[in-house]
Amino acid sequence: MVPGESEPDSGTRSGRSRPRSILILVVVVLILFNAGYSIHHEWNRVKPLDRFAGRPWPEYGMETFAPLAGRYLQLRPDLAGVAQVGLVFGFSDYNHAHRMMAQSMLAPTLVRTDDTPALVIASFKSDQDLDRWLASVRPGAGRWVARRRLGEGLALLEHSAP
Amino acid sequence: MNALRLILALAMPLLSGWWLAGVFWTTAPTRQPWTALLRFCCAVAIAWALSGADYMIWRPTFPAGMAGFYLSECLVIPLLAGWLWRRSRSRSAPPPSAPAPDPTGPARKWSIGLLVAFTACASAALVVIAAGRAWGEPAGYWDAWSIWNCKARFLFRGADNWTGFATRLNWHTHPDYPLLLPASIARLWAWLGHETALVPQLTTVNATALVILTLFAALALFRSVLCACLGLLVMVSSAWLQWYSGSQLADIPVSAFILLAFVALTQGSRTASPRLHLLAGLLAGGAAMIKNEGVALCACLLAGSWLAGWWTHDTFRRRTLWILCGMAPPLLLVAIQKATLSGESYVFDDHASFSEVVRGLFSLQRHRIMLLSLHRDFFSFERTRLFWGVSLPAPTRPSLLLLPALLLATGFRRDRRDRLLIRTAGLTLLLGFMAYYLVFLIMPHDYDLATLMESFPRVTLHTWPALVFTVFMATRLE
């Protein structure tokens, strides 16, 4: 035997007992079945060819972030060179998804969750909700004027002095 | 013009990586294609780490002068790598080894051929699934857009304000996380001159393909094609790997670097070459440049190497020192980044006090939640639709159970050449798992089961390909 090479191994194919060989065969079959089954299952779940064709995710409820990303990305041309922008909501952003997505899409402009900056993104469920909020009287705080409306309750507002 | 820029951005680092892999990977030339494939995989990883690190250094140092960055990527680094490669070749040119005799008979060749075809189909299907996932979710998964891609946008668009992601306002970007992944995305955007979702999408698919190719080539080289096929089938059948394959998250890139480090360590322990231990350290350091868990795994690898050497009565101090030398440059870069950019991180503010750590360690509630999450992740069964309307109570995570089953069936292999590697890898993985468990235990935040169910699989995914590799190196499957 060459030093450092394998030691004599009683477990080579010829030296294996029949029960052990059967056991190994069972495990190998399980590996093959498991791989085939899980890849088949995942293929059916993801349907990659449908994804490449641009069809929406299937009905099992796969959440996609593309609409949320697109909602805030369209504001980017208006915020070029702006250091900070505020963000006000007409709904509860309990998991910070809207703020984080707005920040991710609008970087390097810093997105604050208040209305102190001169420019503010208003994100509401509908345009009616947005109009209601704009019309609301806020004593001593001046008024918000829509610089650009993007529909679906989204607008870029600027502050006008009282 | 864009295509030319993209080719330059990919080809030049790959060329440097190929030459540098040749400097470290000192083996006798063989006719086996696996050595070349492994060298290619190492080249991809080195190119990834090197080009990302180059951008990480240039971006903050000379934000306005990127011409120097392009020059360094296209000229300086490739020339330096080529010179090192030529020098290393002329110094150590080992004699070509004789091709090994092929003992397989025609019947076995047929069955192996069928197995290779099945494995190729399953692996290709996983890569297509990864691409489908990435294509269907262009923004990436939750952490992808809120952490990694957000940082990449700050780096690419930010001019002087690129550190905006590190403000307290942007706690969600985890400013203390290493920057290699966002830097490599921003680097390609810089080369292209504009942002495109294709870059993070291709990056995530590339990482999945890299893990697949590396595991197959490594097991085929060190064991056999049979082991390579079965190992790859076990790895690709993991539900976590499938789920995160096209996610644009950093977990699969970390697992690719850790697997490559183990592969270099295997060759290093067989040839006793310091260069390969250096390479193993460098690649493990690459994982540390991607995620904090990579830093923990580097520490575990050092401890595992030291303990295994002591156990095997090997020259463990020198071996571990070479690994540490390899890790040093990437770890230094990570340390500099953490010292300069993590100032406003909530992670630093929220360090657990000593009493909180002790309370976490002995909290029965936390142990219960951890064990429950492990049980649900590893041993849960659910009724799943199989096909043609047939449903079976199939285990959701059976892949992990197949590894001990295989070890029990075949027994442990006794090969002196790999004894050190198997002990090092086994100890590293064990220490890594213990470290992850401990971190979740002493975390200042109270994790609920749902959060753990999301977090724990992701961190265990970092070591999954390396675990499959280690088990197949240890089995007596012929």
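Quick mapping for you: the protein sequence lines, in order, are chains A and B. According to the working numbering, the residues represented by the first sequence are 22 to 183, in order. According to the working numbering, the residues represented by the second sequence are 51 to 528, in order. C-beta atoms are modelled at their ideal positions from N, C-alpha and C, and glycine is treated no differently.
Local conformation of residue i per DSSP, three classes
i	result
L436/B	Confidence is the limiting factor: at L436/B the pLDDT is only 47, short of 50, which leaves the residue's position unreliable and the question unanswerable from this model.
R137/B	helix
I96/B	helix
E528/B	coil
F73/A	helix
W78/A	coil
F204/B	helix
A322/B	coil
A172/B	helix
A247/B	coil
E173/A	coil
V313/B	helix
L453/B	helix
D104/B	helix
I142/A	strand
E179/A	strand
L64/B	helix
L581/B	Limits of chain B in this structure are 51 at one end and 528 at the other, which puts residue 581/B out of reach.
F110/A	strand
Q105/A	strand
A189/B	coil
D135/A	coil
R164/A	strand
F272/B	helix
L414/B	helix
F522/B	helix
L56/B	helix
W69/B	helix
D99/A	helix
Interface partners of residue i on chain A, CB under 7 Å
i	result
N256/B	Residues of chain A passing the Cβ test: none, with the nearest at roughly 16 Å.
Q415/B	Result: empty, since nearest Cβ-Cβ is about 24 Å, beyond 7 Å.
W212/B	P129
Where residue i meets chain B, residues with beta-carbon distance less than 7 Å
i	result
T137/A	Result: empty, since nearest Cβ-Cβ is about 12 Å, beyond 7 Å.
F86/A	E187, A189, W195
R72/A	G182, W185, G186
P40/A	Under the 7 Å cutoff, chain B gives no residues; its nearest Cβ is about 10 Å from P40/A.
I52/A	L280, L283, V284, L452
S125/A	W195, S196, N199, C200, R203
Test item: CB-CB of residue i and residue j under 7 Å
i	j	result
A202/B	P225/B	no
C277/B	L269/B	yes
A334/B	C348/B	yes
L511/B	S305/B	yes
W212/B	L205/B	yes
L491/B	T362/B	no
R325/B	F74/B	yes
P379/B	A338/B	no
V532/B	S173/B	Because chain B in this structure spans residues 51 to 528, residue 532/B falls outside the shown range and cannot be described.
H180/A	A139/A	yes
T460/B	I45/A	yes
S300/B	I235/B	Checking the displayed sequence, the identity of residue 300/B turns out to be Ala instead of Ser. It is not a contact, given that the beta carbons lie outside the stated cut-off.
A156/A	L178/A	no
H327/B	R367/B	no
Whole-Å CB distance - residue i paired with residue j, under 8 Å assumed
i	j	result
C91/B	A267/B	6 Å
V518/B	G344/B	That pair is no contact at about 19 Å.
L265/B	M106/B	Not really, about 28 Å apart at Cβ, beyond 8 Å.
W195/B	L134/B	Not confirmed; about 39 Å, so no contact.
G111/A	D148/A	With 8 Å as the limit, G111/A and D148/A do not qualify as a contact, their Cβ atoms being about 11 Å apart.
P188/B	A247/B	4 Å
Partners in chain B for residue i, counting only beta-carbon separations shorter than 8 Å
i	result
V106/A	Residues of chain B passing the Cβ test: none, with the nearest at roughly 12 Å.
Q95/A	Those within 8 Å of Q95/A in chain B number zero; the least Cβ separation is about 14 Å.
A90/A	P188, A189, W195
Under 8 Å by beta carbon: chain A residues contacting residue i
i	result
A172/B	A56, G57, I60
T520/B	Residues of chain A passing the Cβ test: none, with the nearest at roughly 16 Å.
Amino acids of chain B, ordered along the chain, whose beta-carbon sits closer than 9 Å to that of residue i
i	result
R133/A	L219
L100/A	The contacting residues do not exist; L100/A stays about 11 Å from chain B at best.
Residue i: contacting residues in chain A (beta-carbon distance under 9 Å)
i	result
F168/B	L53, A56, G57
G208/B	A128, P129
Q617/B	It is not possible to answer for residue 617/B, since the shown part of chain B is limited to 51 through 528.
Below-7 Å beta-carbon distance, residue i vs any chain C residue
i	result
H244/B	Within the model displayed, chain C is absent; protein chains A and B are what it includes.
**OP:** Would you check if there are 3 or more beta carbon pairs closer than 8 Å linking the segment 129-141 of chain A to the segment 100-111 of chain A?
**Re:** yes
Original post:
Does the count of Cβ pairs from the segment 257-265 of chain B and the segment 300-319 of chain B closer than 8 Å reach three?
Top reply: yes
**OP:** Check whether the segment 349-361 of chain B touches the segment 238-255 of chain B, taking contact to mean three or more Cβ pairs, one atom from each stretch, closer than 8 Å.
**Re:** The segment 349-361 of chain B vs the segment 238-255 of chain B: no contact.
Original post:
How do the segment 288-297 of chain B and the segment 106-125 of chain B stand: do at least 3 beta-carbon pairs fall below 8 Å, yes or no?
Top reply: no
**OP:** Spell out a yes or no on whether the segment 92-101 of chain A and the segment 165-173 of chain B are touching, meaning 3 or more CB-CB pairs, one atom from each, closer than 8 Å.
**Re:** no
**OP:** Could you tell me whether the segment 448-463 of chain B touches the segment 480-487 of chain B, where touching means 3 or more Cβ pairs closer than 8 Å?
**Re:** With a cut-off of 8 Å, the segment 480-487 of chain B and the segment 448-463 of chain B do not count as touching, because too few Cβ pairs lie within range.
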